[in-house]
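Residue numbers (my numbering): 446 to 582.
Just so it is clear, CB atoms sit at the ideal spot from N, CA and C, and this is done for glycine as well.
Below is one structure, written out as structure tokens; comments come after it.
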């Protein structure tokens with residue numbers, strides 16, 4: 446192998462790695478830091494219970510979590526990353542968590558797919574509700 450082919454291999458490998466890193470946040474556009482996983486440390490307060498509407502929810506884009514209240518005093522949390530192509534979900538309305546990229550919808554009660562193209566449910570996140578405070582567990 447010559448020096449030029451070694452350099453070419455390094456350049457091609459480096460370019461492929463850069464391209465892969467750049468594509469890993471496909472469709473997200475909400476996080477300019479380049480971090481693919483911004484999670485709050487355990488115990489950090491996400492919201493007050495009054496901030497989460499019954500039959501709806503709230504998206505915490507910076508933490509990539511969505512918290513819902515399907516029934517009064519019943520709180521659920523899910524990843525806010527769509528299982529289709531990794532976009533951050535955009536709204537919670539009419540009993541579903543909706544992705545703006547390709548139209549996937551997830552049920553607020555269990556994160557299951559209500560409308561595709563999402564291939565699987567949103568993963569559950571652990572929260573703790575104490576008094577009127579919702580915290581990451």
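- Beta-bridge partners assigned by DSSP to residue 518: none are found.
- For residue 496, the secondary structure class from DSSP, reduced to helix, strand or coil, is helix.
- Selection 521, 517 and 532 evaluated against residue 553 yields 521 as nearest (Cα-Cα).
- Counting only the Cα atoms, residue 517 lies some 23 Å from residue 488.
- Spatial neighbours of residue 499 in its own chain (CB-CB distance under 6 Å, excluding positions within 5 residues in sequence) are listed in chain order as 514 and 517.
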